[in-house]
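Colleague: Residues in the sequence shown are numbered consecutively from 308, following this note's numbering.
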Amino acid sequence: MRILLVRTSPIGAAFREPSPPAVTAPLGILYLAAALKEALGDAVTVEIESLSTAVRSPGEIPAFIADREPDVVGISSSLVEEPDAIAVARAARALAREPLVVLGGPYPSCSPARALERTGAHLAVIGEGERAFVEIVRSRIGGGDVPSLPGVASLEESGEMVTGGPAEYAPDPDAIAFPAWDLIPIETYSRMYNFNDIPLVRDLHVPLLTSRGCPYKCSFCHNIFGKKFRGRSPENVVDEMELLVERFGVREFHVVDDIFNASARRMEDICRLVVDRKLDVSLAFPNGVRGDIMTKEQIELLARAGCYSITFALESASPRILKRMNKRTNLEKLSRSVRLASEAGMITSCFIIFGYPGETREDLEATIRWVRDSRVDFPRHSIASPFPGTDMADHARGAGLEAEIEVDRSNYDWSNMGLASMPHEEFRSLVRSGMREIMQEPRRLARLKDIWSRWDEGGMKYMGHSPDRRF
Ligand code: B12
Ligand code: SF4
Numbered sequence: 308m309r310i311l312l313v314r315t316s317p318i319g320a321a322f323r324e325p326s327p328p329a330v331t332a333p334l335g336i337l338y339l340a341a342a343l344k345e346a347l348g349d350a351v352t353v354e355i356e357s358l359s360t361a362v363r364s365p366g367e368i369p370a371f372i373a374d375r376e377p378d379v380v381g382i383s384s385s386l387v388e389e390p391d392a393i394a395v396a397r398a399a400r401a402l403a404r405e406p407l408v409v410l411g412g413p414y415p416s417c418s419p420a421r422a423l424e425r426t427g428a429h430l431a432v433i434g435e436g437e438r439a440f441v442e443i444v445r446s447r448i449g450g451g452d453v454p455s456l457p458g459v460a461s462l463e464e465s466g467e468m469v470t471g472g473p474a475e476y477a478p479d480p481d482a483i484a485f486p487a488w489d490l491i492p493i494e495t496y497s498r499m500y501n502f503n504d505i506p507l508v509r510d511l512h513v514p515l516l517t518s519r520g521c522p523y524k525c526s527f528c529h530n531i532f533g534k535k536f537r538g539r540s541p542e543n544v545v546d547e548m549e550l551l552v553e554r555f556g557v558r559e560f561h562v563v564d565d566i567f568n569a570s571a572r573r574m575e576d577i578c579r580l581v582v583d584r585k586l587d588v589s590l591a592f593p594n595g596v597r598g599d600i601m602t603k604e605q606i607e608l609l610a611r612a613g614c615y616s617i618t619f620a621l622e623s624a625s626p627r628i629l630k631r632m633n634k635r636t637n638l639e640k641l642s643r644s645v646r647l648a649s650e651a652g653m654i655t656s657c658f659i660i661f662g663y664p665g666e667t668r669e670d671l672e673a674t675i676r677w678v679r680d681s682r683v684d685f686p687r688h689s690i691a692s693p694f695p696g697t698d699m700a701d702h703a704r705g706a707g708l709e710a711e712i713e714v715d716r717s718n719y720d721w722s723n724m725g726l727a728s729m730p731h732e733e734f735r736s737l738v739r740s741g742m743r744e745i746m747q748e749p750r751r752l753a754r755l756k757d758i759w760s761r762w763d764e765g766g767m768k769y770m771g772h773s774p775d776r777r778f
């Protein structure tokens with residue numbers, strides 16, 4: 308049985324010069340491919356493609372699908388990639404020998420009914436996908452109908468959505484097979500603009516998922532892996548790193564966990580094991596860590612294990628907005644961790660969300676001041692996008708958002724919604740001037756000069772777009 312797994316990341320990103328959008332290796336479908344191979348062996352052939360590397364424009368999608376003559380098409384998509392998920396599903400369903408079309412990933416996990424209606428996929432998998440997808444393919448090989456499965460949704464003829472019960476999560480994350488790294492060109496993905504947003508330090512890098520689930524309930528976030536933290540054991544994590552070093556020459560790992568440091572002990576043990584095994588790797592945390600629960604010893608241990616870059620999930624420095632976001636952040640402790648990471652030689656970044664529903668000028672200015680005076684090297688800001696189903700979407704309705712947000716490629720993160728408590732033009736100008744104020748702070752400028760000079764001397768490598776793209 309021929310299984311085609313497609314990741315809908317930005318179309319043609321690999322071909323775009325000089326500044327392609329950020330893309331990571333398609334980790335979700337790499338996990339699915341490994342699970343299929345482990346459970347079904349030679350009964351399946353699995354091909355993995357990502358729209359970022361496989362096609363140059365949406366017009367190429369139908370031929371790209373038809374050429375592969377799949378029996379099952381698995382589509383992995385986030386909500387902002389909805390138009391591409393629709394295009395892939397329609398192209399698959401239009402084939403004369405129609406494959407089974409299964410949609411998974413954050414998009415159907417958070418908006419299953421919308422995803423089924425709009426894409427026309429036969430099935431949507433909600434949450435963790437390995438087990439459900441193996442069972443779907445197994446039943447297809449057996450020739451029967453797909454049975455009702457937990458976390459699998461479909462539409463009845465009446466248009467009503469039915470599921471086989473709530474999504475299930477693998478209780479032991481060590482029992483999940485490592486991603487099928489041999490199915491993708493790691494080098495191609497390493498050359499694209501990376502999530503870490505700064506130069507790389509090694510030639511090849513991959514994203515690494517060392518845990519699943521997050522117990523926090525931030526109002527803007529989507530729950531994909533459940534609310535229970537399930538950490539892989541340190542041995543299992545470092546075994547995967549070792550395999551990637553030895554078999555593929557990968558020496559840089561970008562941890563994309565929701566909350567890598569939920570268990571301090573596990574984090575420390577992972578670092579110690581990397582040091583003990585003399586792995587000579589570099590680590591980055593582009594998806595953020597919780598800075599206000601880190602100690603000096605832990606930060607130093609991370610540095611010894613090869614961590615050169617760390618992103619802190621600040622989001623806002625206004626206590627009022629942090630409360631609305633349900634972030635529960637201790638700003639003082641966070642500030643200390645940023646300083647300690649910087650003193651340990653790491654490049655520091657932080658996430659900022661501007662324009663949270665109801666944000667005032669004072670809230671926004673509090674964030675600008677905090678970041679300006681912090682030891683954050685690279686602030687990474689975005690404008691609030693209230694995704695359907697989140698608490699933030701409810702807050703946004705109170706602030707004037709009337710309809711469910713719609714996706715098109717021109718409003719990628721809906722950044723012009725104007726949900727802050729001020730005229731939108733004023734908001735935009737405050738963000739612009741605030742970011743300028745942060746970036747022109749003299750001590751930050753000096754640190755950045757030092758970072759870029761390390762790059763010029765060859766200490767840091769290709770980041771996916773031209774070296775001219777500086778600040
Ligand atoms: C890496 C990453 C990025 C990277 C790369 C994205 C890319 N397109 O290549 C970058 C930096 C570009 C990025 C950007 C954004 N991201 Co992002 N990102 C992530 C992150 C941290 C890791 C993704 C990952 O590899 N996970 C690990 C794999 C194993 O999980 P997975 O892909 O979900 O796969 C599992 C299941 O979903 C399922 N599954 C997946 N695909 C399929 C397919 C089938 C057929 C089946 C059956 C099952 C299945 O099974 C898999 C294994 O269990 C996640 C958070 C997280 N920890 O997952 C957020 C996340 C995906 N991002 C998110 C958001 C909001 C964004 C942005 C909109 C942010 C912004 N405002 O700009 C943009 C949108 C970019 C885009 N084009 O999608 C949300 C998506 C929410 C949603 N409903 O869509 C997430 C979930 C964070 C969150 N918790 O809110 N992101
Ligand atoms: S933003 Fe991070 S800490 Fe908050 S709920 Fe999402 S994954 Fe957890």
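Every residue, glycine too, gets a C-beta built ideally from N, C-alpha and C.
What residues in its chain sit with their C-beta under 6 Å from that of P317, if we drop five residues either side in the sequence?
Modeller: Same-chain partners within the cutoff: P328, S359.
Colleague: So, is S465 buried or exposed, given that buried needs 16 or more other C-beta atoms within 10 angstroms?
Modeller: The residue is exposed, with fewer than 16 neighbouring Cβ atoms inside 10 Å.
Colleague: Run through the DSSP bridge pairs and tell me what R751 is partnered with.
Modeller: Note: R751 sits in no beta bridge, so no partner.
Colleague: Taking buried to mean at least 16 other C-beta atoms within 10 Å of its own C-beta, is V432 buried or exposed?
Modeller: Answer is buried; the Cβ neighbour count reaches 16.
Colleague: Just verifying my parser: in three-state terms, what is the DSSP assignment at P514?
Modeller: Note: P514 maps to strand in three-state DSSP.
Colleague: Ligand 1 heavy atoms versus the CB of D565: any closer than 8 Å?
Modeller: Yes.
Colleague: Any idea what DSSP makes of L334, helix, strand or coil?
Modeller: Here L334 sits in helix by DSSP.
Colleague: How about T331: is its Cβ closer than 8 Å to a heavy atom in ligand 3?
Modeller: Absence of ligand 3 from the depicted structure is noted, with ligand 1 and ligand 2 being the only ligands included.
Colleague: Is R627 near ligand 2, judged by its Cβ being under 8 Å from some heavy atom?
Modeller: R627 Cβ: outside cutoff for every heavy atom of ligand 2.
Colleague: Have a look at C525 and D374 and give me their C-alpha separation to the nearest angstrom.
Modeller: In a straight line, the C-alpha of C525 is about 43 Å away from that of D374.
Colleague: Apart from the five residues on each side of it in sequence, which residues of its chain come closer than 7 Å, Cβ to Cβ, to D680?
Modeller: Around D680: no qualifying Cβ.
Colleague: With 16 as the cutoff for other CB atoms within 10 Å, does G434 come out buried or exposed?
Modeller: It counts as buried.
Colleague: Comparing the CB of Y523 with every heavy atom of ligand 2, is any distance shorter than 8 Å?
Modeller: Indeed, a heavy atom of ligand 2 lies less than 8 Å from the Cβ.
Colleague: Once the 5 residues before and after F592 are set aside, which same chain residues still bring their CB inside 6 Å of it?
Modeller: Around F592: V562, I617, T618.
Colleague: Taking the alpha-carbon positions, what's the A651 to W759 distance?
Modeller: Going from the Cα of A651 to the Cα of W759 covers about 18 Å.
Colleague: Can you give the Cα-Cα distance for S773 and A610, rounded to whole angstroms?
Modeller: Summary for S773: the model assigns pLDDT 40, below 50, so the residue's position carries little reliability; its value from the coordinates is reported in the next sentence. Answer to the nearest angstrom: the Cα atoms are 28 Å apart.
Colleague: Within 10 angstroms of the Cβ of R404, are there 16 or more other Cβ atoms? Answer buried if so, exposed if not.
Modeller: R404 is exposed by the Cβ-count criterion.
Colleague: Threshold first: 3 residues or longer. Then list the beta strand (DSSP E) segments lying entirely within the stretch 664-696, N to C.
Modeller: Counting only runs of 3 or more, we get 685-690.
Colleague: H512: buried (16+ other C-beta within 10 angstroms of its C-beta) or exposed?
Modeller: So H512 counts as buried.
Colleague: Closest by CA to I628, which one among I712, R668, A439, P506?
Modeller: Comparing Cα-Cα distances from I628 to each of I712, R668, A439, P506, the minimum goes to R668.
Colleague: Roughly how many angstroms lie between the CA atoms of A474 and P457, to the nearest whole one?
Modeller: Taking the straight line joining both Cα atoms gives about 5 Å.
Colleague: Which of the three DSSP states is assigned to R323 in this structure?
Modeller: Three-state result, R323: coil.
Colleague: Can you tell me which of W677, W762, S656, G335 puts its alpha carbon nearest to the alpha carbon of I491?
Modeller: For I491, the nearest C-alpha among the options comes from G335.
Colleague: For a quick check, are the C-beta atoms of R558 and R509 less than 9 Å apart?
Modeller: Yes, they are a contact pair.
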